[in-house]
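**Q** If you count the sequence shown from 1, position 231 lands on 231 in UniProt numbering, and the numbers rise without skipping. Virtual Cβ for every residue (Gly too), placed ideally from N, Cα, C.
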Amino acid sequence: MFYLQKTRKFFEANWLLRRCAATWKSLPDKASFANILRMDDKTLTKLTFPLQDLEKYYVSNVNTENFRIFNPSLDYIQWAELLFKPSKDHEIDYFSSAIRMDHAPLLSQPEVCFIGRSNVGKSCLLKALFSLAPEVEVRVSKTPGHTKKLNFFKVGKRFTMVDMPGYGYRAPQDFSEMVEAYLQERKNLKRTFLLVDGVTGIQEVDNTAVEMLEEFGIPYVLVLTKIDRAPKGLLLKNVLAIQDFVEKQTQGCFPQLFPVSSVEFSGIYLLRCFIAHVTGNLSITES
Numbered sequence: 001m002f003y004l005q006k007t008r009k010f011f012e013a014n015w016l017l018r019r020c021a022a023t024w025k026s027l028p029d030k031a032s033f034a035n036i037l038r039m040d041d042k043t044l045t046k047l048t049f050p051l052q053d054l055e056k057y058y059v060s061n062v063n064t065e066n067f068r069i070f071n072p073s074l075d076y077i078q079w080a081e082l083l084f085k086p087s088k089d090h091e092i093d094y095f096s097s098a099i100r101m102d103h104a105p106l107l108s109q110p111e112v113c114f115i116g117r118s119n120v121g122k123s124c125l126l127k128a129l130f131s132l133a134p135e136v137e138v139r140v141s142k143t144p145g146h147t148k149k150l151n152f153f154k155v156g157k158r159f160t161m162v163d164m165p166g167y168g169y170r171a172p173q174d175f176s177e178m179v180e181a182y183l184q185e186r187k188n189l190k191r192t193f194l195l196v197d198g199v200t201g202i203q204e205v206d207n208t209a210v211e212m213l214e215e216f217g218i219p220y221v222l223v224l225t226k227i228d229r230a231p232k233g234l235l236l237k238n239v240l241a242i243q244d245f246v247e248k249q250t251q252g253c254f255p256q257l258f259p260v261s262s263v264e265f266s267g268i269y270l271l272r273c274f275i276a277h278v279t280g281n282l283s284i285t286e287s
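#1: Quick one: what does DSSP say Ser283 is sitting in, helix, strand or coil?
#2: Tell me which same chain residues have a C-beta within less than 6 Å of the C-beta of His277, skipping the five on either side of it?
#3: Give every residue of the same chain whose Cβ lies closer than 7 Å to the Cβ of Gln184, excluding the five residues on either side of it in the sequence, and list them in chain order.
#4: Is there contact between the segment 124-140 and the segment 66-75, where contact requires at least three CB pairs shorter than 8 Å?
#5: Are Phe67 and Phe153 close, meaning C-beta to C-beta below 8 Å?
#6: Asn281 and Arg158 - do their beta-carbons sit closer together than 8 Å?
#7: Alpha carbon to alpha carbon, what distance is there between Val199 and Gln243?
#8: Terminal residues of the continuous beta strand (DSSP E) containing Arg191?
#9: From which residue to which residue does the beta strand (DSSP E) around Ile115 run?
#10: Is the beta carbon of Leu257 sitting closer than 8 Å to the one on Leu213?
#11: Going by C-alpha to C-alpha distance, which of Thr192, Ala181 and Asn188 sits closest to Asp163?
#12: Output the distance between the C-alpha atoms of Phe33 and Leu47, rounded to the nearest integer angstrom.
#13: Could you spell out where the alpha helix (DSSP H) holding Tyr57 opens and where it closes?
#14: Are the beta-carbon atoms belonging to Leu222 and Val246 less than 8 Å from one another?
#15: Helix, strand or coil, according to DSSP, for Ile268 in the structure here?
#16: Near Leu236, which residues of its chain fall below 8 Å by C-beta distance, leaving aside the five closest residues on each side in sequence?
#17: Would Ser108 count as contacting chain C if we go by Cβ distances under 8 Å?
#18: In chain order, which continuous runs of the alpha helix (DSSP H) of length 4 or greater are located wholly inside the segment 183-258?
#19: Which class does residue 289 belong to by DSSP, given the choice of helix, strand or coil?
#20: How would you call Leu106, buried or exposed, if buried means at least 16 neighbouring beta carbons within 10 angstroms?
#21: So what does DSSP say about Val278, is it helix, strand or coil?
#22: First and last residue of the beta strand (DSSP E) that includes Ser262?
#23: For a quick check, are the C-beta atoms of Leu195 and Phe265 less than 8 Å apart?
#24: By a C-beta neighbour count over all protein chains shown, 10 Å radius and 16 as the cutoff for buried, is Gly233 buried or exposed?
#25: Can you give me the Cβ contacts of Glu137 inside the same chain, cut-off strictly under 7 Å, excluding the 5 residues immediately before and after it?
#26: Alpha carbons only, please: which of Lys226, Ser108, Lys122 and Gly252 is nearest the one belonging to Arg189?
#27: Under a three-way DSSP split, which group does Ser97 fall into?
#28: Considering Asp75, what are the terminal residues of the alpha helix (DSSP H) in which it resides?
#29: Can you tell which of Ile227, Phe49, Ile218 and Ser60 has its C-alpha closest to the C-alpha of Phe70?
#30: Mapping the DSSP letters down to three states, classify Ile36 as helix, strand or coil.
In structure tokens, the structure reads:
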């Protein structure tokens, strides 16, 4: 606890927080978890733990055990956010791109990658995760299939995040060769985040991606995007369907689903914390 108190003081005195106020005015109000902590408990839970917030809508016989497998304290979530804030000694920025594995940068730090079908909201999610570092350019397009390369973003010397081309509609012609080679050969890859649309749920093309990850034996996590667009009843239905799918038809998937909204920032803080955890930058001893 003393360590967390020290990190909290560091959080308050962080170099970035002392930068020009005009820079901060350009950031979304919900980008920083510090602003969320000032909200009422109901709003705090909804934005921080959206899966747990849905529990109240389910009937009593619905098993929601997997909703709380990764259940860090607010202190841990606040500490993890420091990793997503740039400073003099912690630069966060786009690093390079690659169209083939032999073009990929040789990096030693832990790595996580994001994959999903075209127009699932992958670039929007990355932009939300990097919202505290506005200088990071994550290109977001209304046109599906915009990402054609493996895009590498360095988070200081702590870890790397990789934006993968979307599969399905308008996927690059060499998508399979590019992505399969990366997933099989990248030794420092710690976790793959597979994005699923919160409105449509798991599609057949998503099943193909799951089968690929299962075949390669790669640990992965399902992230449910665009939850702000899904009517409550549909969202509840999709969450249960995906949880059931994960329990019965997967082995390498983390049992807990991560619902997110890149517009409302729901689930973004928890996902940041999980990324910090799986990359070895945050050892959580309570859950």
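**A** The short version:
#1: In this structure, Ser283 counts as coil in the three-state DSSP scheme.
#2: Here His277 has Ile284 as same chain residues with Cβ atoms under 6 Å from its own Cβ, once five neighbours each way along the sequence are excluded.
#3: Phe216, listed in sequence order.
#4: Not touching, per the Cβ criterion.
#5: It is not a contact, given that the beta carbons lie outside the stated cut-off.
#6: Cβ distance < 8 Å, so Arg158 and Asn281 count as in contact.
#7: Approximately 15 Å, taken between the alpha carbons.
#8: Leu189 to Asp197 is the span of the beta strand (DSSP E), which, as asked, contains Arg191.
#9: Per DSSP, the unbroken beta strand (DSSP E) holding Ile115 starts and ends at Glu111 to Gly116.
#10: Leu257 is not a Cβ neighbour of Leu213, given a cutoff of 8 Å.
#11: Comparing Cα positions, the closest option is Thr192.
#12: Rounded to whole angstroms, Phe33 and Leu47 show a C-alpha spacing of 10 Å.
#13: First-last for Tyr57: undefined, no H or E at that position.
#14: Yes, these two residues count as a Cβ contact at 8 Å.
#15: When DSSP states are grouped into helix, strand and coil, Ile268 belongs to the helix group.
#16: Excluding sequence neighbours, Leu236 sits near Leu54, Tyr57 and Tyr58.
#17: The question asks about chain C, but that chain is absent: this structure has only one protein chain.
#18: Runs of the alpha helix (DSSP H) inside the segment 183-258: 204-216 and 232-249.
#19: Given a span of 1 to 287 for the chain in the structure shown, any question on residue 289 remains unanswerable.
#20: Result: exposed.
#21: In this structure, Val278 counts as helix in the three-state DSSP scheme.
#22: The continuous stretches of beta strand (DSSP E) do not include Ser262, and DSSP gives it neither H nor E.
#23: No, the Cβ-Cβ distance between Leu195 and Phe265 is not below 8 Å.
#24: Exposed, because fewer than 16 other Cβ atoms sit within 10 Å of the Cβ of Gly233.
#25: Correct list, in chain order: Tyr94.
#26: It is worth fixing the name first, because residue 189 is Leu in this sequence and not Arg. Minimum Cα distance to Leu189 is reached at Ser108.
#27: Looking at Ser97 - three-state DSSP - the assignment turns out to be strand.
#28: Its alpha helix (DSSP H) spans residues Leu74 to Glu81.
#29: Residue Phe49 holds the alpha-carbon nearest to the alpha-carbon of Phe70 among Ile227, Phe49, Ile218 and Ser60.
#30: Three-state DSSP puts Ile36 in a helix.
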